[in-house]
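Each residue of the sequence shown is one higher than the last, beginning at 1 in UniProt numbering. Structure first, commentary second.
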Amino acid sequence: MGTLINIDNGGTLTDICVWDGNGFSFTKTLTTPHDLSECLFTGIEKASEALYGDADITRLLHETEHVRYSTTQGTNALVERRGPMIGILTSMTGLATAMQQTPAGGKLFADLIADRHLTFDPDAELEAFEFDAVQKVNRLTTLGAARVVVAGASPQEEQRLRHVLLRKFPRHLLGSVPLIYSWELAGDRDHARRAWSCVVNSFLHPTMERFLYSAERRLQGYRVVNPLLVYRNDGASSRVAKSVALKTYSSGPRGGLEGTAALARVYGLQHALMMDVGGTTTDVGVVENDTVAVADRGRIEGVRISYPMSDVTSAGVGGSSVIRLVDGEITVGPQSVGAAPGPACFGFGGKQATITDVNLLLGVLDADTYLDGTFTLDASRSRSVIGETIADPLGISLEEALIRMEHAYFDALSVALAGSAKEGTTLLAFGGAGPMSATGAARLAGIKQVLIPRTAAVFSAFGISFSDIGKTYEVIVPEPNADSASAVHDALLVRADRDMFQEGYLLADCEITWRLLLEGVEDAMVSHLSYQRGDEIDYPGCVVSLQLNVSAALPHPELPESTKADPRSAPAIGRRQIRATADRIDDVPVHVLDELTPGHAGTGPAIIEGPFFTARVLPGWGFLVTRSGDLMLTDDL
């Protein structure tokens, strides 16, 4: 098996995890928002140095079988509302109301669409229809719409409008308008879900398109044979040209979930909860009996879409989230300083406080060992910013401000966990800031066991290594009979054969599974049934869809079976002064994970320096190094 490069691009840091057939090596680099391909190749270069001793990006790329890439740029862009204004042109007068049925829908509608929604009459005479279509599109662009979603009650309504708009706004003119037709993106009978799928896709598309094609062009400059693969939120990968922007949303967390499922199998965890703390967001998802929980109709910021998605919730709490005062209360996020300017302690001009600044001043972080010593933090800048933005306005000491800010951060994380935790849950904490805050957040959420993987700093990239090339198709069966279903079956096979050929695989060499999805008209619950061509289709009161899943296997790493080792006292490399309260500083042992062996154990308070991460063990917690080199922590209080 050739080398596998797996990359997870975050808002603050970009992670690279490389499997060379024998084991994992990994590294991190600062994300470069001005040109995301720059941090991508900087990371690959650093990975080559870790593998070979000297940087040799050409050698690594030529020895690599696949490059799989995930990014949170879409997630972060939506969280921070960085994207084009969207317009909707619809034949359904009640669509805007249906899209705003919930508070979440109302908020997202106001932020992305606002007053940029107009209706057209699908049955108007041709001359009036053409005139109205041009006027409505012009009006939407005048209102600021950079992209327009066309949502008809049927595919035929959209097709009629499409013929007009292609003539009136030909793509070779500067006045052409990017249009997306809802029935082409999703064959979903729920109009609001279908429209939301198109709106979010349109919002994400420009950012993803610019970056991914730029990255692919740079790879081609190294004469890489295999194309760049985009990792998606359904757990599969595909080449850039065959990817949908909507499916890149929350793809990094799906990588974390797949990694969580892999470790759940190794450790025999019945209910595992992932907490992926990145720079901008914290993503929470569930793995039950080593299976990733998936919703047939996913949610993005609380609104339903037409596609299945892993059941991940994203909270605007990350290592670079701004901690500020709102009406005299300390709040965390959702705004983020990102990688530029980054936390104040980065020294890039940041003027807002983050948990990274807090942990530096508390003593949790060592200014000289951050990112394995590749980056030095400036405590004086953190002290100045926290004094100006938190301590002085509240009239409290800097020390008191640090304790309150830390508690606000733990509390924000615990709120994100609370809805998914239950008795017997094991929390897998990862991401750059996850291990620092895991024990504090877990205790508030009532979770007694935490697993911090050795690959915690790059865990989503680690999880990507278990993906295959895959496609999922879902089409409504128009008539409740076997012939109608068979016709849909045959049409889907033609699409799958074409798409997989373009991915470089013959359909005959792929794994194929068929399912019927039965969705109740009233409760919108989805049931699954197996399907074979020719089966009778008669389910009154349900919308029946046929789903085809196709996958072509890629190489996967093999994980050794691991169990807890017999405990013995863990050696410390030194001590660190960590502030426990406004009035007390504890003298805490510092352990280095790479210098510990299976069975090494200890109790909190303690600091464990892992590869590119710092784990904080609070008082009352114990830790044990497992046979795989991971950290298992238990709350003994």
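Heads up, the beta-carbon is just placed ideally off N, CA and C, and yes, glycines get one too.
query	result
The region 246-258 touching the region 300-307, judged by at least three CB pairs closer than 8 angstroms	yes
Element boundaries [alpha helix (DSSP H), containing I380]	First, the amino acid is wrong: residue 380 is Ser here, not Ile. Taken as a continuous stretch (DSSP letters only), the alpha helix (DSSP H) holding S380 covers 379-386.
Distance between beta carbons of G11 and G279, contact taken as under 8 angstroms	4 angstroms
Sub-8 angstroms separation of G602 and P619 beta-carbons	no
Contact check, M275 vs L427, beta carbons under 8 angstroms	yes
Boundaries of the beta strand (DSSP E) in which D497 is found, first to last residue	Not the beta strand (DSSP E): D497 falls in the alpha helix (DSSP H), residues 482-503.
Residues that DSSP places opposite F613 in a beta bridge	G610
Distance CB(I386)-CB(L361) smaller than 8 angstroms	yes
Buried/exposed call for N481, threshold 16 Cβ in 10 Å	exposed
Exposed unless 16 or more other CB atoms sit within 10 angstroms - verdict on E209	exposed
Environment of D587 [buried if 16+ CB atoms lie within 10 Å]	exposed
At least three beta-carbon pairs within less than 8 angstroms, the region 9-28 to the region 68-76	yes
Distance CB(T614)-CB(L269) smaller than 8 angstroms	no
Element boundaries [beta strand (DSSP E), containing Y231]	229-231
When K564, G446, L492 are compared against I512, the one with the closest alpha-carbon	L492
Environment of S197 [buried if 16+ CB atoms lie within 10 Å]	buried
Same chain, Cβ closer than 7 angstroms to V494, neighbours up to 5 away in sequence not counted	none
Euclidean distance between Cα positions of C542 and L516	11 angstroms
Best match in I355, S314, G349, V294 for proximity to S320 [C-alpha to C-alpha]	I355
Limits of the unbroken alpha helix (DSSP H) element including K107	103-112
G333: first and last residue of the uninterrupted beta strand (DSSP E) it sits in	329-336
Straight-line gap, L61 to P555 (C-alpha atoms, nearest Å)	16 angstroms
Cβ separation of S460 and D15, assumed to be a contact under 8 angstroms, to the nearest whole Å	7 angstroms
N- and C-terminal bounds of the beta strand (DSSP E) containing P605	That residue, P605, is in no beta strand (DSSP E); it is neither H nor E in DSSP.
Uninterrupted beta strand (DSSP E) stretches inside the region 228-304 (no shorter than 3 residues)	229-231, 237-239, 271-277, 282-288
Spatial distance of G574 from K242 (CA atoms)	52 angstroms
Where the alpha helix (DSSP H) through Y357 begins and ends	Note on identity: in this sequence residue 357 is Asp, with Tyr being the wrong assignment. Counting along the chain, the alpha helix (DSSP H) containing D357 begins and ends at 355-362.
Beta-bridge partners of A429, as assigned by DSSP	M275
From I44, I390, S467, M92, residue whose alpha carbon lies closest to that of P122	M92
Contact check, F612 vs L371, beta carbons under 8 angstroms	yes
Counted within 10 angstroms of its Cβ, other Cβ atoms place A315 as buried (16 or more) or exposed	buried
Any beta strand (DSSP E) of 3 or more consecutive residues that is wholly inside the region 403-480	426-430, 449-452, 469-476
Simplified DSSP assignment, three categories, for H34	coil
For F520: DSSP bridge partner residues	With the sequence shown as reference, residue 520 is identified as Gly, and Phe is not the correct amino acid for it. Note: G520 sits in a beta bridge opposite C542.
For M436 and R616, believed in contact at Cβ under 8 angstroms, the rounded distance	5 angstroms
Residues that R223 bridges to, as DSSP identifies them	According to DSSP, which records beta bridges pairwise, R223 is partnered with nothing at all.
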